[in-house]
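*Asks:* To convert a position in the sequence shown, counted from 1, into the working numbering, add 40.
Where a beta carbon is used, it is the ideal one built from N, C-alpha and C, also for glycine.
These figures come from a predicted structure and were not determined experimentally.
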Amino acid sequence: MNALTFRIRLLEPVLLGQAESGEPNSRVSLNYLSGSAIRGAVIAQYIKENGEIDAGTSPASDLFFNGQVRYLNAYPAHPETGVRALPRPLSWLLPKDEASDLAPGTSLYDFAIAIPDWSKQEPPKPPGKDNYCWIDQKGVQLIKPTMHIMVHNTSTDANRKDQDSSNVFRYESIAPGQEFIGVIVAEDSDLLQKRIQPLLQKGGWNLGGAHTGGYGRVQIDQVAFSANWKEYDEEKKEEPDPKDMSFEDLEAMFAQAELKDAAILTCLSDVIWRNGDGQISADLAGLIEGVKPDEIEAFRRTNVTGGFNRKWGLPLPQALTIEAGTVMAFPGKYYETLREMVDAGIGERRVEGYGRIAVNWHTKTERIVQSPPPPQVAVQLPERLTPISEALAKWMAQRQLENQIEMKLVEQVHTLTGRGFRSLPAASQLSQARLAARRAWYKGDLREVLTFFEKQSDLSQRKWQDARMGGDKLRNWIEQQAKGGNLNWVGEMPTVAGVKAPMDLELRQRTLARLIEDVLRQAVRFAKKQREGGNS
41 MNALTFRIRL LEPVLLGQAE SGEPNSRVSL NYLSGSAIRG AVIAQYIKEN GEIDAGTSPA
101 SDLFFNGQVR YLNAYPAHPE TGVRALPRPL SWLLPKDEAS DLAPGTSLYD FAIAIPDWSK
161 QEPPKPPGKD NYCWIDQKGV QLIKPTMHIM VHNTSTDANR KDQDSSNVFR YESIAPGQEF
221 IGVIVAEDSD LLQKRIQPLL QKGGWNLGGA HTGGYGRVQI DQVAFSANWK EYDEEKKEEP
281 DPKDMSFEDL EAMFAQAELK DAAILTCLSD VIWRNGDGQI SADLAGLIEG VKPDEIEAFR
341 RTNVTGGFNR KWGLPLPQAL TIEAGTVMAF PGKYYETLRE MVDAGIGERR VEGYGRIAVN
401 WHTKTERIVQ SPPPPQVAVQ LPERLTPISE ALAKWMAQRQ LENQIEMKLV EQVHTLTGRG
461 FRSLPAASQL SQARLAARRA WYKGDLREVL TFFEKQSDLS QRKWQDARMG GDKLRNWIEQ
521 QAKGGNLNWV GEMPTVAGVK APMDLELRQR TLARLIEDVL RQAVRFAKKQ REGGNS
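1. Just the Cα atoms here: how many angstroms apart are Glu406 and Gly145?
2. Check whether the Cβ atoms of His402 and Pro156 lie closer than 8 Å to each other.
3. Indicate whether Leu247 and Val258 have their beta-carbon atoms separated by less than 8 Å.
4. Below 8 Å on the Cβ atoms is my guess for Gln463 versus Asp506; work out the distance and round it to an integer in Å.
5. Let's test the definition: count the other Cβ atoms within 10 Å of the Cβ of Glu532 and tell me whether it reaches 16, buried, or not, exposed.
6. Would you grab the beta carbon distance between Gly395 and Gly387 for me? Rounded to a whole angstrom, and I think it's under 8 Å.
7. One question on the structure: do Phe370 and Ala267 come within less than 8 Å of each other, judged by their Cβ atoms?
8. Please name the residue in Val382, Asn443, Thr535 and Glu494 whose C-alpha comes closest to that of Ile214.
9. Restricting to Cα atoms, I'd like to know which of Asn207, Pro164, Tyr272 and Gln181 is closest to Tyr172.
10. Look up Tyr86 in the DSSP assignment and say whether it is helix, strand or coil.
11. Beta carbon of Val208: closer than 7 Å to some heavy atom of the ligand HEM?
12. Tell me which residues share the same chain as Ala398 and place their Cβ nearer than 6 Å to its Cβ, disregarding the 5 neighbours each side in the sequence.
13. Exposed or buried, Ile408, counting other C-beta atoms within 10 Å across all chains shown (16 or more means buried)?
14. Does Leu55 come out as helix, strand or coil in the three-state DSSP assignment?
15. Which of the three DSSP states is assigned to Gly372 in this structure?
16. Runs of 4 residues minimum, wholly inside the segment 351–407: which ones carry the alpha helix (DSSP H) assignment?
17. If you measure between the beta carbons of Ile48 and Phe209, is that distance less than 8 Å?
18. How many angstroms separate the CA atom of Glu298 from the CA atom of Val453?
19. Can you tell me whether Asn315 is helix, strand or coil according to DSSP?
20. Would a C-beta distance cut-off of 8 Å place Asn71 and Met190 closer than the cut-off?
21. What first and last residue would you give for the beta strand (DSSP E) that runs through Ser66?
22. Tell me which same chain residues have a C-beta within less than 7 Å of the C-beta of Ser321, skipping the five on either side of it?
23. What's the gap between the Cα of Val82 and the Cα of Ile236?
24. Taking the alpha-carbon positions, what's the Gly346 to Ala359 distance?
25. When the Cβ atoms of the segment 474–482 are set against those of the segment 427–444, are three or more pairs found closer than 8 Å?
26. From what residue to what residue does the alpha helix (DSSP H) around Gln498 run?
27. Could you tell me which whole alpha helix (DSSP H) segments of length 4 or greater appear in the segment 228–268?
28. Do you know offhand how far Tyr482's Cα is from Leu499's?
29. According to DSSP, what are the bridge partners of Arg110?
30. CA-CA distance, Ala152 and Ile224?
31. Quick check on Arg561: does DSSP put it in helix, strand or coil?
32. Where DSSP assigns a beta bridge to Glu219, which residues make up the other side?
33. Just checking, does the segment 546–566 make contact with the segment 510–527 on the three C-beta pairs under 8 Å criterion?
34. Comparing C-alpha positions only, which one of Ala77, Pro53, Leu51 and Gln58 sits nearest to Val391?
35. Along the chain, which unbroken stretches of the alpha helix (DSSP H) at least 4 residues long are found entirely within the segment 476–559?
36. Nearest by alpha-carbon distance to Pro465: which of Arg502, Gln108, Gly249 and Glu275 is it?
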């Protein structure tokens, strides 16, 4: 496939709004540079040099509108190799208790290839919120682009700030300093080399919105043409040597023969698909004539996409999309048919990067998570903040961290207590432990919890030893948290204007104390229900 590849380095935050951005006074950016934004930047450069264009006539039609040239999404560049990342397949899952802390060496299982035996484990979950990946022979590296949060104030009167004349806006954008790899593909190499490549070599663009507010400036470099570019490397299916297999393993292999022979389709971008009735649909069974929905094993999510026409200053109609990373396992006999669709893509708006697919990009049943690449981002402030501004930014970041802890705490308690309780002590003993955790929360001192257990009688100690939360001893888990538990579940520290929220010792102790207290609250409820059920 003929392609122009290029690196995009973000000099300022980039704000590429999406259809579902939350409250009216906030905008949350996509975490990639969309093909439509890249096409718009190239069109702007073309107009700058050639004047207004007519979308219905050549060469503008061939370059930008009729699909001869397709502008793919720009995804993160590997900090060391420069390789373009791809969306993580949604069929990659792992045990629930390993999903929140994805350490190197963790195994990811591809449920589109084979479903492992989960009889003794929790239901599987996706691996955190890492959106993109790089696959090699050693395993897989996962990454999530860094986002940048900034609060802006606009007023009709520059000398007055009140609720009638001022508005506060919160923008969550792609943080500056990161690098992305963009790709433009076409069947006609002349369109790329003679028409588009000179436009890319001008060096700089403005992407997304809020250009006058310090957003959108990017640098373009490393522009290169390739006549044999591939978006992914097809992976050979695992074929174990029958000589090394037991009779039982051979039987299992033959039983799974049909699944192993599947053609694995993965969406490398959002897909807008219309079914035979002309309705937008999330069902790709109609991609190949004669395929029935029950023949396809699907791991998918849907999203809503929109857009904005700068020429007319109007939003584009919103549409349902099949989200990037969606995986569908077709019967193996359709491999060649699917493979023929890879270069051109599927669905609508392919000129803007929608509809990119891969076939048999990932065919291994298990992958080992490797250490993530070093971060690219070191946000540089345009100028040093004044002491007052720095204090305000620190306060705002701290408030964001506290709100983040509130949300993550609910998720973590649900994850921990969802495994169930067994052999709990009496509800009164659990309530005493909960009160100790609450005192630790108020004082910011976890020694309150440890002291509580040290003062327990021998009889109470024995009752606590039998208590279980999932497969763990409840008391051991509580003491581990009280001695300095892992707070990775809180996520990344929020940053406002380059000032990162501090997780000081007191906040750390209060957070762990709240986690213990909330878990014990659920344990008390469980113990009371168990007692009431036993007395009825």
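*Replies:* Well, looking at it:
1. In this structure, the straight-line span from the alpha carbon of Glu406 to that of Gly145 is close to 12 Å.
2. Going by C-beta atoms, His402 is not nearer than 8 Å to Pro156.
3. Pairing Leu247 with Val258 gives a Cβ-Cβ distance under 8 Å.
4. Checking the sequence, you will find Ser at residue 463 rather than Gln. With a Cβ gap of about 4 Å, Ser463 and Asp506 count as contacting.
5. Under a 10 Å Cβ-count criterion, Glu532 is classified as exposed, with fewer than 16 other Cβ atoms of the shown protein chains found around its own Cβ.
6. Contact holds; Cβ gap of about 4 Å.
7. No Cβ-Cβ contact shorter than 8 Å links Phe370 with Ala267.
8. If we check each option's Cα against that of Ile214, Thr535 comes out closest.
9. Distance check between Tyr172 and each of Asn207, Pro164, Tyr272 and Gln181 places Gln181 closest, using alpha-carbon atoms only.
10. Residue state, collapsed to three classes: helix.
11. By its list of ligands, the structure shown contains no ligand whatsoever, and the ligand HEM lies outside what it can speak to.
12. Here the set comprises Tyr272, Thr306 and Leu308.
13. Exposed, since its Cβ has fewer than 16 Cβ neighbours within 10 Å.
14. DSSP places Leu55 in coil when its eight states are reduced to three.
15. Assigned with DSSP and collapsed to three states, Gly372 falls in helix.
16. You should have 375–379.
17. Contact check for Ile48 against Phe209 fails: the beta carbons are separated by 8 Å or more.
18. Confidence is the limiting factor: at Glu298 the pLDDT is only 44, short of 50, which leaves the residue's position unreliable and the question unanswerable from this model.
19. Three-state DSSP puts Asn315 in coil, outside helix and strand.
20. Not in contact: Asn71 and Met190 (Cβ atoms no closer than 8 Å).
21. For Ser66, the enclosing beta strand (DSSP E) begins and ends at Ser66 to Val68.
22. Counting only Cβ-Cβ distances below 7 Å, and skipping sequence neighbours, we find Trp313, Arg314 and Asn315.
23. For Val82 and Ile236, the distance between alpha carbons rounds to 8 Å.
24. Cα-Cα distance, rounded: 7 Å.
25. No, because fewer than three Cβ pairs between the segment 474–482 and the segment 427–444 fall closer than 8 Å, the two stretches do not touch.
26. With the sequence shown as reference, residue 498 is identified as Asp, and Gln is not the correct amino acid for it. From DSSP, the alpha helix (DSSP H) with Asp498 extends over Asp498 to Asp506.
27. Whole alpha helix (DSSP H) segments, 4+ residues: 237–240.
28. CA-to-CA, the gap between Tyr482 and Leu499 works out to about 29 Å.
29. Bridge partners of Arg110 according to DSSP: Val225.
30. If you take the alpha carbons of Ala152 and Ile224, they lie about 30 Å apart.
31. Here Arg561 sits in helix by DSSP.
32. Glu219 is bridged to Arg49.
33. Inter-segment contact for the segment 546–566 and the segment 510–527 is present: three or more beta-carbon pairs are separated by less than 8 Å.
34. When only C-alpha atoms are compared, the closest one is Ala77.
35. Scanning the segment 476–559 for uninterrupted alpha helix (DSSP H) segments of 4 residues or longer gives 487–494, 498–506 and 514–522, listed from N- to C-terminal end.
36. Looking at the Cα atoms, Arg502 is the closest of the given residues.
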